[in-house]
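For the sequence shown, this note's numbering gives the first residue as 558, with consecutive numbering after it.
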Amino acid sequence: MEFPILHEIIDLQEAYRKLQHQKKLTKRNICDLVIPFRDKYQLSDKDALRIVRSEVSLKELVAILESKEND
């Protein structure tokens, strides 16, 4: 079973952690990372940032993504 969005989220979270580790976590770098993901899945800024920062549980993630499917 394939879950391409989960792979994309994992990659985004790893890229975010890399920016943190390299101390390159600027507003511009965050926007470059998050905006394409946000737009692709029609998420709010808040939800997209929470996902990239690993601040959502799997249950919350499913609820966010399901709500976008129903729009």
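For glycine and all other residues, C-beta sits at the position ideal for the given N, C-alpha and C.
Only a predicted model underlies this, so the values are computations on that prediction, with no experimental measurement involved.
- Between residue 567 and residue 622, the CB-CB gap reaches or exceeds 8 Å.
- In the structure shown, the three-state DSSP call for residue 589 is helix.
- Secondary structure of residue 616 (DSSP, three-state): helix.
- DSSP, reduced to helix, strand and coil, places residue 628 outside both helices and strands of the structure shown, so it counts as coil.
- Linking residue 588 to residue 613 through their CA atoms gives a straight-line distance of about 19 Å.
- The Cβ neighbour count for residue 615, taken over all protein chains shown within 10 Å, is under 16; the residue is labelled exposed.
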